[in-house]
Ligand SMILES: [Zn+2]
Ligand SMILES: [Zn+2]
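Residue numbers (UniProt numbering): 1 to 368.
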């Protein structure tokens, strides 16, 4: 079928809106008409080739839309359902069977390599040339996308669908890193480095967890202000004070839970040093491949736990509907992070995101 998609053709190149052809849904595929798709840092990291994904490619992995058609093997959703698209996992490895799909052993190829789960190219130009698709099992910077039962989550129709795409990655990552992965107990303290969309979603997660000391570190006053509005009890501007010293003062020795969302190795170093004896440090931010950080082994030796967290260690079919309900009840106001753009403003959205002007751009997509 004829669709409009934002195609990236070269490293660090622009998103170009093109008329291309999308395959009809195969047996296991779900055709989704996109309503709005969030723009995530990973789209830009892959566009810029810090992760070596093939180009040309249709990015977009925070899609929200309406099911249009399903392949004969699909039972989970039906046409007319409202859905959020998220990351793809295989469903048949040990991690998936154990209820930890974010540790799926077989997720790299179907999420990043531009082909469907069965290895097909699903988007072609009018000249017959192949365009990479199925990014995160979706490629949702397009009027229509093909997804799978494994990465399609049905959501209630009583909240605006155009808000929900970012729950598929960035917001789920931040909130889940706290609620699923670190799982701080009520009344405990947490320090969150980086107040972008992921960090601020972590702040909302910490409020929901009942943390009574929520420290946020960033270098931009507007973000720190929003962090306070969302429930941070202390904010630290790292340009004019030393976050490690401040956190040690506030938490009497260090924070029992620390989350690093900036992706900067120097900030991860500070995050580690801010942790208490026995504390847990979660790494969420992604630096370029090969980045390392110096760690004092004897510092870690005192029962500190340093760990990575992807996609908030979420089981999306459970976690995303919960976040939607928390939003509906006013307990998870993630809409405060969102700014909408039209499809033809997608490059502006990317620029605003990189400058930190917009925390979470969401691209409205109309197929009309
Ligand atoms: Zn798996
Ligand atoms: Zn993402």
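Just so it is clear, CB atoms sit at the ideal spot from N, CA and C, and this is done for glycine as well.
In this text the structure is predicted, and so the values were computed from the model without any measurement.
Summarising the contact set, residues whose Cβ lies nearer than 7 angstroms to any heavy atom of ligand 1 are, in chain order, 89, 90, 91, 92, 93, 95, 96, 101, 104, 105, 106 and 107.
In the three-state reduction of the DSSP assignment, residue 54 falls in the coil class. For residue 141, there is no enclosing alpha helix (DSSP H), as DSSP marks it with neither H nor E.
When DSSP reads this structure, residue 237 sits in a beta bridge with 218.
Here residue 78 is exposed. Its C-beta has fewer than 16 other C-beta atoms within 10 Å. Exclusion of the five residues before and after residue 203 leaves 192, 214, 216, 227, 230, 231 and 232 as the residues of its chain whose Cβ lies within less than 7 angstroms of its Cβ. Rounded to the nearest whole angstrom, the C-alpha separation of residue 257 and residue 190 is 5 angstroms. Within the segment 81-164, the complete beta strand (DSSP E) runs of at least 3 residues fall at 82-85, 144-148 and 152-154. For residue 263, the Cβ stays outside the 7 angstroms cut-off from all heavy atoms of ligand 2. Contact between residue 27 and residue 73 holds, with the beta-carbon distance rounding to 5 angstroms and staying under 8 angstroms. Residue 218 holds the alpha-carbon nearest to the alpha-carbon of residue 199 among 218, 320, 247 and 210. If you draw a 10 Å sphere on the C-beta of residue 52, you find fewer than 16 other C-beta atoms in it, and that means exposed.
In this structure, residue 254 sits away from residue 182, with a CB-CB distance that is not shorter than 8 angstroms. By the C-beta density criterion, residue 147 is buried, having at least 16 other C-beta atoms within 10 angstroms. DSSP, reduced to helix, strand and coil, places residue 359 outside both helices and strands of the structure shown, so it counts as coil. Using a Cβ distance threshold of 8 angstroms, residue 365 and residue 35 count as a contacting pair. About 5 angstroms separates the beta carbon of residue 201 from that of residue 171, a gap short enough to meet the 8 angstroms contact definition.
Residue 264 and residue 355 have their alpha carbons spaced roughly 16 angstroms apart. The alpha-carbon of residue 187 is positioned some 29 angstroms away from that of residue 101. Where residue 37 is concerned, there is no enclosing alpha helix (DSSP H), although the beta strand (DSSP E) around it starts and stops at 29-38. By the 16-neighbour rule on beta-carbons within 10 angstroms, residue 252 is exposed. Beta-bridge analysis with DSSP links residue 188 to no other residue. Per the C-alpha coordinates, the member of 121, 278 and 58 positioned closest to residue 42 is 58. Annotation: the continuous beta strand (DSSP E) that includes residue 256 extends over 255-260.
Residue 167 has its alpha-carbon roughly 27 angstroms from the corresponding atom of residue 18. Near ligand 2, meaning a beta-carbon closer than 6 angstroms to one of its heavy atoms, we find 40, 42, 61, 169 and 170.
Taking 3 residues as the shortest admissible run, the segment 298-334 contains the following complete beta strand (DSSP E) segments, listed from N- to C-terminal end: 305-308.
Cβ neighbours of residue 276 within its own chain (closer than 7 angstroms, five residues either side excluded): 251, 253, 254, 255 and 256. Residue burial is scored here from C-beta neighbours: residue 126 has fewer than 16 other C-beta atoms within 10 angstroms and is therefore classed as exposed. Assignment of beta-bridge partners to residue 292 by DSSP yields no partner. The way I'd put it, the segment 131-148 does touch the segment 107-116; three or more beta-carbon pairs between them come closer than 8 angstroms.
Looking only at 30, 39 and 44, the smallest Cα-Cα distance to residue 67 is reached by 30.
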